[in-house]
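Residues 8 to 300, numbered by my numbering, are exactly what the sequence shown covers, in order.
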Amino acid sequence: MLQELMSRTLDIYIALVTGFATGIPCTLLGIAIDRLSKKRAEGQAPQGGVPQNSLTIEQAIQVRVNIQVSVGGAARGDQLVWGMLIAATCIAYLFLRQQVLFVAMVSTFALVWIWIGVAAHSLYRGYFRGVGWWLYMIGMLAFVAVGVVPIILAAQTPQYAPTNFAAWQAFAKDYGIDGLRRSGELNWQSVTWLLSHVTGVALMFAAIRDAVLSMFFYASVSGRSDQNTVDRLPLWAARHAIKSVRGLVWLVVILVLAYYLVDGSAYVFYTQKFPVLVNELWTYVLYGARGLR
């Protein structure tokens, strides 16, 4: 455990520096954005007390529930198109792995600090009221500190990965995908592992999307007493806005699954431990406890 922590010291340091570097400017930017977006509402609000348009988090969730968003059936591509899309994603990740993870780190910190600025300003001006908003804001901080950052660190140095995985990006840039194949680095097992790893990264970005749109939606509906005045983009964001405990639990499940996928633990379990468990279960069903001896 200590050796693993030491191997990730540089990544942890980079994450801390990124968090502090984006903290103050992005929080100030969030305050400025919220102040400008609510300028009209502040002019209409009473001079003292709580503004007329202030919202509890329960009211904001109700606005989200009441909004009717037409969801059309998505066109289903055939297997060839999906296969090409997955292959293109894996190839792009091979060439841009460090850049993708760096963008994920910076954008996550920046967007959450902006949200903190927006929420803090709305709480101070009275557009948000109630303990629920404080819990929601703390939850978004926990989402970054406990959820996304560990996944990015695990993607940088997975616990279970092909031996030379850290050098794949540089090798692919120098010799291409065919060079990786001829060197023996890309075989059936390593490709399967890469698919699992990239799936975890994609789940992480899906969780970031849902969290960001949730923050954006709740920031947009604050200061508006009529749900029909909400713009089209917040209406679209309402589909992803986190509501109730069930939505938060689902977000946690996605993050946990993403972590084990990028870390390689899910691949090891599926390819090595799961077949043994299935075989033992099948033996027990056929021959009972004596058959396992």
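Backbone N, C-alpha and C define an ideal beta-carbon position, used for all residues, glycine too.
Taking a contact to mean a Cβ-Cβ separation below 8 Å, would you say P165 touches Y266 in this structure? For the purposes of this step, residue 165 is identified with residue 158 of the sequence shown, where counting begins at 1. For the purposes of this step, residue 266 is identified with residue 259 of the sequence shown, where counting begins at 1. No, these two residues do not count as a Cβ contact at 8 Å.
What's the gap between the Cα of L255 and the Cα of I261? For the purposes of this step, residue 255 is identified with residue 248 of the sequence shown, where counting begins at 1. For the purposes of this step, residue 261 is identified with residue 254 of the sequence shown, where counting begins at 1. Roughly 10 Å between the two C-alpha positions.
Roughly how many whole angstroms lie between the Cα atoms of T278 and V125? Indexing the sequence shown from 1 puts residue 278 at position 271. Indexing the sequence shown from 1 puts residue 125 at position 118. For T278 and V125, the gap between their C-alpha atoms comes out near 46 Å.
Under 8 Å, with one C-beta from each stretch per pair, do the segment 268 to 288 and the segment 159 to 174 reach the 3-pair mark? Three or more Cβ pairs closer than 8 Å define a contact, and the segment 268 to 288 meets that threshold against the segment 159 to 174.
Alpha carbon to alpha carbon, what distance is there between L284 and L148? Locating residue 148 in the sequence shown gives position 141, where the first residue counts as 1. Locating residue 284 in the sequence shown gives position 277, where the first residue counts as 1. Roughly 38 Å separates the two Cα atoms.
Can you tell me whether DSSP reads N171 as helix, strand or coil? As a working mapping, residue 171 is identified with position 164 in the sequence shown. Coil.
N- and C-terminal bounds of the alpha helix (DSSP H) containing Q279: By 1-based counting over the sequence shown, the position of residue 279 is 272. Segment: none, Q279 is in no alpha helix (DSSP H) and carries neither H nor E.
Does DSSP put T206 in a helix, a strand or coil? Working through the sequence shown from its first residue, we reach residue 206 at position 199. Correct three-state label for T206: helix.
What does the alpha-carbon distance come out to for the pair I145 and V259? Counting from 1 along the sequence shown, the entry for residue 145 is found at position 138. Counting from 1 along the sequence shown, the entry for residue 259 is found at position 252. Those two C-alpha atoms are separated by around 15 Å.
I'd like to know if the segment 186 to 196 and the segment 287 to 294 are in contact, where contact means that at least 3 CB-CB pairs between them fall below 8 Å. Result no; under three Cβ-Cβ pairs closer than 8 Å.
I74 versus A127 - alpha carbon distance: In the sequence shown, the residue the question calls residue 74 occupies position 67. In the sequence shown, the residue the question calls residue 127 occupies position 120. Residue placement at I74 is flagged as unreliable, the pLDDT there being 46, under the threshold of 50; a coordinate-derived value is accordingly withheld.
Is the beta carbon of I215 sitting closer than 8 Å to the one on V138? As a position in the sequence shown, residue 215 is number 208, starting the count at 1. As a position in the sequence shown, residue 138 is number 131, starting the count at 1. Cβ distance not < 8 Å, so I215 and V138 don't count as in contact.
Compare the C-alpha of I98 against each of L193, L210, W141 and T115 and name the closest. Position 91 of the sequence shown holds residue 98. It is L193.
Length of the line joining the Cα atoms of F178 and F116: Against the sequence shown, residue 178 aligns to sequence position 171. Against the sequence shown, residue 116 aligns to sequence position 109. One alpha carbon belongs to F178, the other to F116, and they sit about 30 Å apart.
Distance check for Q163 and Q105, CA to CA, integer angstroms please. Stepping through the sequence shown from its first residue, residue 105 is reached at position 98. Stepping through the sequence shown from its first residue, residue 163 is reached at position 156. Straight-line Cα distance between these residues: approximately 8 Å.
Could you tell me if M211 is buried or exposed, where buried requires 16 or more neighbouring beta carbons within 10 angstroms of its beta carbon? In the sequence shown, the residue the question calls residue 211 occupies position 204. The residue is buried, with at least 16 neighbouring Cβ atoms inside 10 Å.
Cβ neighbour criterion (16 or more within 10 Å) applied to F281: Residue mapping note: residue 281 aligns to position 274 of the sequence shown, counting from 1. Under the 10 Å beta carbon count, F281 is surrounded by fewer than 16 other beta carbons and is classified as exposed.
Between W141, L268, M222 and I159, which lies nearest to S203 when the distance is taken from Cα to Cα? Within the sequence shown, numbered from 1, the residue matching residue 203 stands at position 196. Checking every option, the nearest Cα to that of S203 belongs to L268.
Considering L160, what are the terminal residues of the alpha helix (DSSP H) in which it resides? Here residue 160 corresponds to residue number 153 of the sequence shown, with the count starting at 1. Bounds of the alpha helix (DSSP H) holding L160 are V156 to Q163.
Whole-angstrom Cβ separation of L130 and V219, contact assumed at under 8 Å? What you label residue 130 is simply residue 123 of the sequence shown in a count that begins at 1. What you label residue 219 is simply residue 212 of the sequence shown in a count that begins at 1. No, L130 and V219 are not in contact; Cβ-Cβ is about 19 Å, not under 8 Å.
Indicate the three-state DSSP secondary structure (helix, strand or coil) for E287 in the structure shown. Taking the first residue of the sequence shown as position 1, residue 287 is located at position 280. In the three-state scheme derived from DSSP, where H, G and I count as helix and E and B as strand, E287 is classed as helix.
Where does L293 sit, in a helix, a strand or coil, going by DSSP? The residue you call residue 293 lines up with position 286 of the sequence shown. When DSSP states are grouped into helix, strand and coil, L293 belongs to the helix group.
Under the rule that 16 or more other beta-carbon atoms within 10 Å means buried, what is M91, buried or exposed? If you number the sequence shown from 1, residue 91 lands on position 84. Label assigned to M91: exposed.
Let me make sure I understand the geometry here. Which of W175, F172, M112 and K180 has the alpha-carbon closest to that of F150? Position 143 of the sequence shown, counted from the first residue, corresponds to residue 150. In terms of Cα proximity to F150, the closest of W175, F172, M112 and K180 is M112.
Would you list, in sequence order, the uninterrupted alpha helix (DSSP H) runs of no fewer than 4 residues that lie entirely inside the segment 115 to 153? The DSSP assignment places complete alpha helix (DSSP H) segments of no fewer than 4 residues inside the segment 115 to 153 at 138 to 149, in order along the chain.
Would DSSP call Q166 helix, strand or coil? Start at 1 with the first residue of the sequence shown, and residue 166 comes out as number 159. In the structure shown, Q166 sits in coil (DSSP, three-state: anything other than H, G, I, E or B).
May I have the straight-line CA-CA distance separating N286 from V110, to the nearest angstrom? On the sequence shown, residue 286 is found 279 positions in, with the first residue counted as 1. On the sequence shown, residue 110 is found 103 positions in, with the first residue counted as 1. Cα-Cα distance, rounded: 43 Å.
Between which residues of its own chain and M222 is the CB-CB distance below 6 Å, once the five residues before and five after are set aside? Here residue 222 is taken as the residue at index 215 of the sequence shown, counted from 1. Its chain contains W122 as the residues whose beta carbon lies nearer than 6 Å to that of M222, once the 5 sequence neighbours on both sides are disregarded; these appear in chain order.
Alpha carbon to alpha carbon, how far is A39 from F102? Give it in angstroms, no decimals. Residue mapping note: residue 102 aligns to position 95 of the sequence shown, counting from 1. Residue mapping note: residue 39 aligns to position 32 of the sequence shown, counting from 1. If I take the Cα positions, the gap works out to 37 Å.
What does the alpha-carbon distance come out to for the pair V263 and L201? Reading the sequence shown from its first residue, position 256 is the one you call residue 263. Reading the sequence shown from its first residue, position 194 is the one you call residue 201. V263 and L201: Cα-Cα distance of roughly 18 Å.
Ignore the nearest five residues each way along the sequence and tell me which others in V205's own chain have a CB closer than 7 Å to its CB. Counted from its first residue, the sequence shown places residue 205 at position 198. T96, C97 and Y100.
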